[in-house]
Every structure is written in structure tokens, then in C-alpha cells.
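Chains as they are written, first to last, in the numbering used here: chain A, 74 to 188; chain B, 2 to 114.
Written below as C-alpha cells is the structure these notes are about.
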């Protein structure tokens, strides 16, 4: 079974500052993907960044980057130059590789960016 | 390119009734997955349909069912509604079912009273 744990229910950050959201996971799969999703008040789940487990290089997408520690089963998200529009729930998720793999989500972290 | 469309956006039903939710995937996508989101349980996988066949199923009672049509549109049905079924139901579509390619709709907020 796969599990995802997000230990920070809520976090806040000042606009333009950097914040890191934590995520740990457990899986017995060798081939899997890790994801960070953002869910703003509009409720739509938006993919922020994804990481293939077999890739050692940490994924980056503009202001968003991850710190993927495979041995420690840790997958944190760093948001640089935080913007008011980053205010949302952030979910860490895992899925086994290939098709037919459903997403397993963590409980989420509510991030508030303050002006 | 239109995104994933879920209808209706909001729904209020009474205990014991049944409800049908609809999801239209992105054009060309053949896989539709459904998730339930509640404050207590978080996001949980319900089932996945691919080319009109249920290919994967989560741990939900038989009251939760679904189907997919030849145009890839999917419906989810919940019978004999319970208060605990109140949730946001999210649908995700992808070309082949690979989660790394999934796009989500805005969800249907179901309230059972």
C-alpha cells in the first residue's frame, strides 16, 4: 500500500518570501511518480509539479521546485518569491508508474500568503 | 481546448435519494477517474474508467457506481444517499489513464440533508 503524510496542516508566508511544504511517503513500488497539486478556492485541482522516482534530478517549474530524497522517502515543495495567488491548499500525492495507477493524496497543507 | 467539465457544480439531495454526477473529459482523453474529497477523509479514489470499462476501483461500498459512454463521458451514481456522502466529487481525465497526465475538473459539491 502507498501512503502520503503531510505534517503541516497550515502554513503562512509573507509575499515575496520563500516557503517549504513537507511531504513524506511510503511505497513498495520501484516505479512511481510524486506530485504536488494546488487547490485554490475555485476547487479545481491544479498540477504544480511532478517527479519521476527514477530521476535523481529534482524537478523545477518556474518558482516551484522540489527536494526529492528517495532514501528518506521525502518530497518537499519549495515556493520562491511567494505571490498572493499562491494562497491555496497544497496536496502531495503518489501514484505507481504506468497506466492504471490512481493517485494517493496526503491530507493537505493550507498555505496563506500575506501581503 | 476545453478542460474537464463536471455538472452540476452544486447539488442538494435528501437522505435515501440517489444522485448522478457527470464528467466530460478533455477531447481525445479516454480515461476518467473519480475522487471523493471530504474534510475528514481527504481525497480518496473511487474508480477509473477506460474505453467504457471499469479498470480500477477504490474501497467504496457498492452504492457508488459509474459508467462511461462511447464518447468517453462518464457518470457516477450514488444510491441510497447517506449524510456522510456529502463531499466534493472530482473527476480527472487523461489520455491513457496515467496519473502523471491527469487533468481535473472543478468538481461537484454534493450536500446530503
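Cβ atoms here follow ideal geometry from the backbone N, Cα and C, with glycine treated the same way.
Residue i versus residue j - alpha carbon distance
i, j, result
"residue 102 of chain A", "residue 99 of chain B", "16 Å"
"residue 10 of chain B", "residue 106 of chain B", "10 Å"
"residue 46 of chain B", "residue 177 of chain A", "7 Å"
"residue 185 of chain A", "residue 16 of chain B", "36 Å"
"residue 81 of chain A", "residue 94 of chain A", "7 Å"
"residue 104 of chain B", "residue 188 of chain A", "30 Å"
"residue 144 of chain A", "residue 83 of chain A", "26 Å"
"residue 29 of chain B", "residue 175 of chain A", "20 Å"
"residue 85 of chain B", "residue 42 of chain B", "11 Å"
"residue 82 of chain B", "residue 39 of chain B", "15 Å"
"residue 88 of chain A", "residue 113 of chain B", "39 Å"
"residue 110 of chain B", "residue 167 of chain A", "24 Å"
"residue 139 of chain A", "residue 91 of chain A", "13 Å"
"residue 120 of chain A", "residue 26 of chain B", "16 Å"
For residue i, the first and last residue of its enclosing beta strand (DSSP E)
i, result
"residue 90 of chain B", "88-95"
"residue 149 of chain A", "147-152"
"residue 48 of chain B", "43-51"
"residue 97 of chain A", "97-99"
"residue 58 of chain B", "54-58"
"residue 7 of chain B", "6-8"
"residue 67 of chain B", "65-69"
"residue 102 of chain A", "No beta strand (DSSP E) contains residue 102 of chain A, which DSSP labels as neither H nor E."
"residue 78 of chain B", "75-79"
CB contact below 9 Å: residue i versus chain A
i, result
"residue 64 of chain B", "no"
"residue 9 of chain B", "no"
"residue 44 of chain B", "yes"
"residue 57 of chain B", "yes"
"residue 17 of chain B", "no"
"residue 36 of chain B", "yes"
"residue 49 of chain B", "yes"
"residue 68 of chain B", "no"
"residue 26 of chain B", "no"
"residue 88 of chain B", "no"
"residue 101 of chain B", "yes"
"residue 84 of chain B", "no"
CB contact below 9 Å: residue i versus chain B
i, result
"residue 175 of chain A", "yes"
"residue 122 of chain A", "no"
"residue 84 of chain A", "no"
"residue 168 of chain A", "yes"
Contact under 9 Å by Cβ, residue i with residue j
i, j, result
"residue 91 of chain B", "residue 19 of chain B", "no"
"residue 118 of chain A", "residue 93 of chain B", "yes"
"residue 65 of chain B", "residue 51 of chain B", "no"
"residue 180 of chain A", "residue 79 of chain A", "yes"
"residue 105 of chain A", "residue 75 of chain A", "yes"
"residue 102 of chain B", "residue 24 of chain B", "no"
"residue 148 of chain A", "residue 141 of chain A", "yes"
Taking only runs of the beta strand (DSSP E) that begin and end inside the stretch 115-147 of chain A, which ones reach a length of at least 3 residues, in chain order? 119-125 and 137-142
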